[in-house]
Amino acid sequence: MTFDTLGLSEPLLRAVSEKGYDTPSPIQAKAIPAVLEGHDLMASAQTGTGKTAGFTLPLLHLLADKPAANSNRTLALIVTPTRELAAQIHESVLDYGKHLNLRSTVVFGGVKINPQMMKLRRGVEILVATPGRLLDLHKQNAISFNDVEVLVLDEADRMLDMGFIHDIKRIISLMPKKRQNLLFSATFSNDIRHLARGLLNNPVEIDVAPQNTTATKVEQKIHPVDKGRKAALLSHLIRSEGWHQALVFSRTKHGANKLVKLLERDNIHAAAIHGNKSQAQRTKALAEFKKGKVQILVATDIAARGIDIDQLPQVVNFDLPNVPEDYVHRIGRTARAGSSGNAVSLVSADEIKQLSDIERLIKSKIAREEVDGFEPEHALPESRSGHRPTRSAQPRRSSPSNRNNGQGRNQRSSESRSAGKNGQGRNQRSSESRPAGNGEQRRRSSQQRTSSGNGNGNGNGNGNGNSNARSASSNNQRSNNNGNSHPRSQQVTSGNLIEPDRVIQSGNR
C-alpha cells in the first residue's frame, strides 16, 4: 500500500513525498480512510507509530476546500496534554499543509497569552492546544468553538492521568453537537471507554498493536543497586559504556534537578526537563540534546511526552515508575520505527513491587545483571519464577570517587524500618501534580510509627516502608528518589511515515 491509494489530495501527497515517505504505517493505513469518510474514530496506538500523521493528513484534506474561519473561530481543534506534544503536532500540520492555503496556530501555557490572543483574532482553520490555556483563552473571548467541525483528543489516557478530565468535559460541553470526533490513546482503559461513550458516535475502533507490549527490538536490562549508589552507577555506565546520548527518567522534578547536578559534578553535560521549567528552558534543553551539546537529558514522564529524537540509542529508568504502563511508554522512546535500542533500569530493593507490576504487565521477566563494584548490600528480592541476577560479562570497575558518590547519605538503622511492613508505595503521587521534596515527613513517636505501619519518609516525601523487614544490625542507605522520563525518538524505515522529531514554537501559516 502507498499513500496514493488512501484518497489524499495532490498537495498533501506532494508534501508527503517531499519528506521522503511513500508507505503508510499501520495506524495511518487504517485511520486515514476512516477519517476521510467522516467516521468518529477511537484509535489505540503507542508513540512512534505515526499516529500524528494519521489524523493531521486527513484533517488537512477535509479542510482544504472549506471557507476560511471567521475571526476568533477555528474549524478543527486538536487538544493534547503537554506543550512539547502540542508543538510537535503543530509542526506536522505546517509540514504537511505547506502547499495548502490553511492557517493554524498552537497555544499552551508557560508563555505570554497576549500574542496567542492576537493570532486567534484573525481566525485559524486548525488550532492545537493544551486544555488549561485553551479554557483561559475561551474565558477571555479570544476563541469561540461554535464553528468547530472536527475535535481531536490526542494522548487521551495521559490527559486523564494528569487530571484534565474536568477540563476535557468542559471543552466538550462547549462544542457544537454536530461534529466529527477523533480520540487517540495508548490504551483503552475503563476510564477512556467511559469518556468515549459520552463523546463518540458509532466510532470506528482501531487497535494497531497489542496493548501494553514493549517494542520487540528494545534490549531490556536491570542493574540491581542500592538506592544511595544509583547516581554513581549511572555516571559509571555513561563512561564505561560510552553513552553519547541517553534519556534518563526520574520520578520527581526535585530528583531530576539533583541528578543533573551530580552528573555535572562528574563532568557529564546534562540538563533537566520537567513541569517547573519555563517553556524557553525546556525548548533550549531539547534543542541542545538533539544537537549533541547535552549528553544526558533527565526528564519526568509527563514532560517527556511529545519529545521526538531520531535514533535515540539509550533510555534509562533511574527510578521505576509507579504506574507500570509508564514503563512501556518510557522504553518506547528508543527502538523506533524498526530500529534497535537499549533500556536500562537501575532498581533498588524497595522497588520490587513496581518491578513485579511491570513484569506482570509485559508478561516477561527482565534480565538482571549486577555491575562489579556496585553490588547491592540490600539484595533485590527474587521474582516468583526464581529469576536470579547474573554478573556482567565484562567486569566494570568504578573509580573511588564514583563508589563513594552518594553512599552513606541519609543512612539509618534498619531497626527503624521494621515498622514499615505495609508502607511501601503508600500515598505516592506523581511529581507532576505535587512537587517533590516538600518535607512531608511527619514527626511521630516510635509507638505511633509502629502502630501505623508507615515507612520512614525520605527527603522526597515518599513513603519508604518495606514488607521485607531488615534486621536491626544492617544499615539502610537512602537517597532522594530520582525518576526518569523518556523522549520520543522516531525515524523513517523502508519509507514508513513517522512523526517528525523537531519541536517548534507556536506560529501561523
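Here the sequence shown stands for residues 0 to 508, where the numbers follow numbering that gives the first Met the number 0.
Backbone N, C-alpha and C define an ideal beta-carbon position, used for all residues, glycine too.
Residues of the same chain with a CB within less than 7 Å of the CB of Ser188, apart from the 5 flanking positions on each side, are Asp156 in chain order.
As computed with DSSP, Lys220 is found in a beta bridge with Val343. Less than 8 Å divides the Cβ of Val314 from the Cβ of Thr333.
Of all C-beta pairs linking the stretch 34 to 41 to the stretch 99 to 109, fewer than three are shorter than 8 Å, placing the two stretches out of contact. Taking a contact to require three or more Cβ pairs closer than 8 Å, the stretch 8 to 27 and the stretch 88 to 107 qualify as touching. A direct Cα-Cα distance of roughly 12 Å separates Asn140 from Arg132.
Between the alpha carbons of Arg329 and Phe317 lies a gap of roughly 11 Å.
With a 10 Å radius around the Cβ and a threshold of 16 neighbouring Cβ atoms, Ala378 comes out exposed. By a beta-carbon distance limit of 8 Å, Leu35 does not contact Pro23. Their separation comes to about 13 Å. Sequence-distant Cβ neighbours of Pro312 in its own chain, meaning closer than 7 Å and more than five residues away, are Gln244, Thr333, Gly340, Asn341. Contact between the stretch 173 to 185 and the stretch 143 to 158 is present: three or more C-beta pairs spanning the two stretches fall below 8 Å. Within the stretch 157 to 214, the beta strand (DSSP E) runs of at least 3 residues that lie entirely inside it are, in chain order, 179 to 184, 203 to 206. Annotation: Arg121 to Thr104 spans about 11 Å, alpha carbon to alpha carbon. If you ignore the 5 residues before and after Lys18, its C-beta comes within less than 6 Å of no other C-beta in its own chain. Inter-residue distance for Glu287 and Leu246 is about 13 Å (C-alpha atoms, whole angstroms).
Of the residues His137, Leu182, Leu150, Ile205, the one whose Cα lies closest to the Cα of Leu159 is Leu182.
Counting the other CB atoms within 10 Å of its CB gives Ala68 a total of 16 or more, which places it among the buried residues.
A distance below 6 Å between beta-carbons, with the five flanking residues on each side excluded, links Glu218 to the following residues of its chain, in chain order: Asn341. In the three-state DSSP reduction, Val149 falls in the strand class (E or B).
Taking C-beta atoms as the reference points, Arg72 and Gln278 fail to come closer than 8 Å.
In the displayed model, Asn100 falls within coil according to three-state DSSP, outside both helix and strand. Leu152 sits close to Val78, with the two beta carbons spaced by under 8 Å. Within the same chain, Cβ atoms closer than 6 Å to the Cβ of Glu204 are found at Met41, the five residues on either side in sequence being excluded.
Out of Leu74, Gly49, Ser70, Thr48, the CA that lies nearest to the CA of His60 is found in Leu74. Contact check for Leu58 and Val149: beta-carbon distance about 6 Å, within the 8 Å limit, so the pair qualifies. In the DSSP assignment, Arg332 forms no beta bridge with any residue. Note: Ala230 is not bridge-paired with any residue in the DSSP secondary-structure output. Around the C-beta of Ser363, fewer than 16 other C-beta atoms lie within 10 Å, and the residue is accordingly described as exposed. Look at Val247 here: in three-state DSSP terms it is strand.
The Cβ-Cβ distance between Thr129 and Ala85 falls below 8 Å.
In terms of CA proximity to Leu134, Arg169 leads the group Ile191, Leu261, Arg169, Asp356. In the three-state DSSP reduction, Met0 falls in the coil class, being neither helix nor strand. Counting along the chain, the unbroken beta strand (DSSP E) around Val127 starts and ends at 123 to 128.
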